[in-house]
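Under this note's numbering, think of the first position of the sequence shown as 440, with each following residue one higher. Glycine included, C-beta positions come from ideal geometry on N, C-alpha and C. Predicted, not measured: the structure shown is a model, and the values here were computed from it. These notes are about the structure you will find just below.
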Amino acid sequence: MRQEEKKTIHAAIIGAVLFLLIQIFRTPLGNIEDKDMLSALYLIIGCCNVAFAFAIFAQGWLFFANRLSKARLHTSALFLGVCILDFLHTLSFAGIPAISSYINAEQSLWLLTFSRLASALGILFIFSRADKPVAVEDKHKVFRVSFVMILVALAVFIFGYMLTPWISGYSWVSGLQHLTDLVVLFVYLLAVVLIVYPGKADKSASILIIIRSLIFFALGQVFFMNPLSVGKMDYLFGMLSSGVAYYLLLKGVYRLTIEEPFQENEQAEARINYLAYHDDLTGLPNRRRLMQRMEEIVIQGERDKSRGFAALVIMNINHFKNINDSLGHYAGDLLLQLVSKRIGNDVKLNEELYSMGADEFAFLMYDRTGVENCLIRAGELLKLFETPVQLESGEYHISLSLGMSIYPGDGDTAEQLIQNADTAVHNAKDQGVEIRRYIPAMQMKAKERLKLENDLRRALERDEFYLVYQPQVQLDSEEIVGMEALLRWDHPKRGLVSPVDFIPIAEESGLIVPIGEWVLKTACLQNKSWQNAGYRPICVSINLSMRQFLQPNLAGKIDAILKDIGLDPCYVDLEITESMTLDKETAFDQLNRLKRLGVFISIDDFGTGYSSLHYLKDMPIDRLKIDRSFVSEVMEDSNNAAIVSTITSMAHHLKLKVTAEGVENKEQLQFLRQQHCHEAQGYLFSKPVKAAEFEMFFLKSSLGMPS
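Below, the structure is given as structure tokens:
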């Protein structure tokens, strides 16, 4: 229980105890009554109460006027009226001649009743409802309404004052006042219940203070209406209780209008400052904070040359994009949190971990005795991921690529050190190694990569791409039954750029989507053109990238292309990789949509990625393509031979076709025939050739099969 909640409970207990004690010691208290002293006390306490009420009004009117809320504005307007009524009551009840000559004591009590009824109803309606911001323009409207209400209350009082000579003798007048007092008490208690009850959520400190003020308002009302009154002493205790209530209400409104808005501003600024220097997902310091820290290390190193080495390691999660795309962004975010936690738990003295955004982290080591020490520590970070990480869909083995820059040596500024470490990690990924330390030659390669990406963006519009086709041969009939369309880039200055160099860049930049669509259209158009020329129809195989496969409208796009060209879907074979099926539900849904078009589906490079026989038996596919890495060493490596034999046997049982890629010699071909492999492609039959050559050598004449 919070401190403010305890204080509220204590206030209720203290109020009840005070009332009981006063009732127990009523006679001794009655003996010390003194009219002049009590009148002076009435005036002093009453003026204090009026001052409290006016202060409540002033706080709402003057402070944070540009950030008004409904509760603040209405409370301020309410207590302007209460202040006026209490002021008239205090002066008249204390016997000030200028006022008491017009308002007698009985009439003054009605002013008190109006004041307390207004405060009770106002607090009930204001604080039992949800608060919300209001426009500054509403300020004057509300206070105009408040003045009208005050005038109405005074008019009612004056009307009653005029009727006093005629109604003062009737008993129902006294009964009406007692009934009104009961209503006021009930409203105070009802306000406490309605403010406390909604949602039973934690209340702010200001609301709890206001609840305490209501308790003392109710206690004062009990004194005012006490039927066992011994004179004006009960009234004095009622005024004192009201004074405490006004003080608490003033304090509560102060907290509500000044302290809490100020604290909210401070918290918002602190939150903004935190977000500016921390990653929201992992809670780690971000790139901006790393830049500051590296600048500090460089400055310290320049001042004290005897300080040890500092190493910055940029870590990148390998194949994170495939996981993120296949399993969804939630799984990707969870993986980032798990990786940051695993590394964070291993951080030691003079080490710091940062998030660089996306799937990159930075690990800073300083005051090291040598470069070799830094490399050893980087190797220890890699070992942290020898065990799999647990995601909701299962366990996954992940690996990291690390790039390192050392200070001093690999840069003189924080920006250089970060950039060079980033360059090193990309070089490590390109080279397929775990750790690379920055060397100047990497920078040249990074610039070359950036230039290549810029050229790649213009390659489509400049018509620099073309397709080559590699025949697929049925081993039983020795006939060409298909062809695989492969992308080539003829750069105007660089010449022929290897797909190994530009396909990864296209994948990372997102250019693979428009490029893949161009490949699909061009291959289908070429196949239809050959059919129109009278050649025997064959199937064209087209590779889909991960980005293409995850497009929700992929099936619609392919359907539109096929209909526009007029090519029968049965002459199109779409090739996907195993990694595209990590998210079973998404993959199956997409594959089913594609199968409904009538196209064939193949799994390319089978055996090199994520394989699940359970998924494979249910997956709507037609063919497995054995990766060339197994076929190329099938005669030298018994393990590869066993893998090829197993894949072929499994495919036969699942009623799937099998195509072997990378067939380069007759021995490999003979082995594949013995395993009853259906089809093959490779340099033994032909390298990938342009459309004109494919037409001349494979469509106009039959292929001579090696024996």
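Checklist entry - Among residues of its own chain, excluding the 5 on either side of Ala1130, which ones have a beta-carbon nearer than 6 Å to its beta-carbon? => result In its chain, beyond the 5 residues on either side, Gln965 have a beta carbon closer than 6 Å to the beta carbon of Ala1130.
Checklist entry - The beta strand (DSSP E) with Tyr846 in it runs from where to where? => result Tyr846 -> beta strand (DSSP E) spans 839-846.
Checklist entry - What are the boundary residues of the beta strand (DSSP E) that includes Met1058? => result Unbroken run through Met1058: none, as it is neither H nor E.
Item to check | Rounded separation between Leu1138 and Glu1132 - CA only | outcome: In a straight line, the C-alpha of Leu1138 is about 9 Å away from that of Glu1132.
Item to check | Buried versus exposed call for Tyr846 [16 or more other C-beta atoms within 10 Å across all chains shown] | outcome: With 16 or more Cβ atoms within 10 Å of its Cβ, Tyr846 is classed as buried.
Next on the checklist: Our contact map puts Phe941 next to Leu899 with C-beta atoms below 8 Å; I'd like the distance itself, whole angstroms only.
Outcome noted: So it is not a contact: roughly 12 Å between Cβ atoms.
Item to check | Contained alpha helix (DSSP H) runs [length at least 4] in the segment 807-832, N- to C-terminal order | outcome: DSSP runs (the alpha helix (DSSP H)) wholly in the segment 807-832: 810-822.
Item to check | Among Leu775, Leu889, Glu887, nearest to Leu839 - alpha-carbon criterion | outcome: Ranking Leu775, Leu889, Glu887 by Cα distance to Leu839 puts Leu775 first.
Checklist entry - In or out: Arg651 buried (at least 16 other Cβ within 10 Å) or exposed? => result Arg651 counts as buried, since at least 16 other C-beta atoms from the protein chains shown sit within 10 angstroms of its C-beta.
Item to check | Selection from Phe1045, Lys1023, Ala1119, Lys744 that minimises the alpha carbon distance to Ser832 | outcome: Closest option to Ser832, Cα to Cα, is Lys1023.
Next on the checklist: Can you give me the C-alpha to C-alpha distance between Met922 and Ala715, rounded to a whole angstrom?
Outcome noted: Looking at the two C-alpha atoms, the distance is approximately 54 Å.
Item to check | Under 8 Å between C-beta atoms of Ile1082 and Lys1064 | outcome: No, the pair does not count as a contact, with Cβ atoms beyond the cut-off.
Checklist entry - Between the Cα of Leu403 and the Cα atoms of Ile857, Glu791, Asp785, Phe802, which residue gives the shortest distance? => result Limits of the chain in this structure are 440 at one end and 1146 at the other, which puts residue 403 out of reach.
Next on the checklist: Is the beta carbon of Pro1059 closer than 8 Å to that of Tyr1010?
Outcome noted: Contact annotation: Tyr1010 and Pro1059 have beta-carbon atoms that are not nearer than 8 Å.
Checklist entry - Which one or two residues does DSSP pair with Tyr874 in a beta bridge? => result Tyr is not the amino acid found at residue 874; the sequence shown has Ile there. Leu841.
Item to check | N-terminal and C-terminal residue of the beta strand (DSSP E) that Arg927 is part of | outcome: Arg927: member of the beta strand (DSSP E) spanning 918-930, first to last residue.
Item to check | Whole alpha helix (DSSP H) elements within the segment 1067-1131, 4-residue minimum | outcome: Restricting attention to alpha helix (DSSP H) runs no shorter than 4 residues, the segment 1067-1131 encloses them at 1067-1070, 1077-1092, 1105-1113, ordered along the chain.
Checklist entry - Whose C-alpha, out of Leu517, Trp549, Ile589, is nearest the C-alpha of Ile565? => result For the residues Leu517, Trp549, Ile589, the minimum Cα distance to Ile565 belongs to Leu517.
Checklist entry - Among Gly561, Lys760, Ile1000, which has the Cα closest to the Cα of Thr961? => result If we check each option's Cα against that of Thr961, Ile1000 comes out closest.
Checklist entry - Taking the runs of the alpha helix (DSSP H) that are 4 residues or longer, which of them lie wholly in the segment 725-769? => result The DSSP assignment places complete alpha helix (DSSP H) segments of no fewer than 4 residues inside the segment 725-769 at 726-742, 759-766, in order along the chain.
Next on the checklist: Once the 5 residues before and after Gln990 are set aside, which same chain residues still bring their CB inside 8 Å of it?
Outcome noted: For Gln990, where only same-chain residues beyond five positions count, the Cβ hits under 8 Å are Val952, Lys996.
Next on the checklist: Once DSSP output is grouped into helix, strand and coil, what is the label at Gln913?
Outcome noted: In this structure, Gln913 counts as strand in the three-state DSSP scheme.
Checklist entry - If we ignore side chains and look at the alpha-carbon of each, how far apart do Asn712 and Arg727 end up? => result Spanning the two alpha carbons is a distance of roughly 11 Å.
Item to check | Simplified DSSP state of His528, which is helix, strand or coil | outcome: His528: helix per DSSP, three-state reduction.
Next on the checklist: Can you list, in chain order, the residues of its chain with a C-beta nearer than 7 Å to that of Glu1134? Leave out the 5 residues immediately preceding and following it.
Outcome noted: Cβ neighbours of Glu1134 beyond the five flanking positions: Trp969.
Checklist entry - Going straight from the alpha carbon of Gln706 to that of Asp1066, what length do you get? => result Distance between the alpha carbons of Gln706 and Asp1066 is about 58 Å.
Item to check | Reference Asp849, options Gly561, Met733, Tyr674, closest by Cα | outcome: If we check each option's Cα against that of Asp849, Met733 comes out closest.
Checklist entry - Does the beta-carbon of Met883 have 16 or more other beta-carbons within 10 angstroms, so that it is buried, or is it exposed? => result By the 16-neighbour rule on beta-carbons within 10 angstroms, Met883 is exposed.
Checklist entry - For chain B, is any of its Cβ atoms less than 8 Å away from the one on Thr1098? => result Of the chains in the structure shown, none is chain B; there is only one protein chain.
Next on the checklist: Does Met881 come out as helix, strand or coil in the three-state DSSP assignment?
Outcome noted: Here Met881 carries a helix assignment [DSSP, helix/strand/coil].
Next on the checklist: Quick check: what's the CA-CA separation for Asp915 versus Gln909?
Outcome noted: When only Cα atoms are considered, Asp915 and Gln909 end up about 19 Å apart.
Next on the checklist: Looking only at its chain, what residues have a beta carbon closer than 7 Å to the beta carbon of Leu480, apart from the 5 residues adjacent to it on each side?
Outcome noted: Closer than 7 Å at Cβ, skipping near neighbours: Leu675.
Checklist entry - If we count Cβ pairs, one from each stretch, closer than 8 Å, do we get three or more for the segment 560-574 versus the segment 490-504? => result Result no; under three Cβ-Cβ pairs closer than 8 Å.
Next on the checklist: Check this for me: beta carbons of Ile634 and Lys690, under 8 Å apart or not?
Outcome noted: Contact annotation: Ile634 and Lys690 have beta-carbon atoms that are not nearer than 8 Å.
Item to check | Pick from Glu1103, Phe1027, Val661, Ser585 that is closest to Asp620, judged by C-alpha positions | outcome: Here the closest residue by C-alpha is Val661.
Item to check | Beta-carbon contacts of Leu524 that lie in its chain and below 6 Å, excluding the five residues immediately before and after | outcome: Spatial neighbours of Leu524 in its own chain (CB-CB distance under 6 Å, excluding positions within 5 residues in sequence) are listed in chain order as Leu550, Phe553, Ser554.
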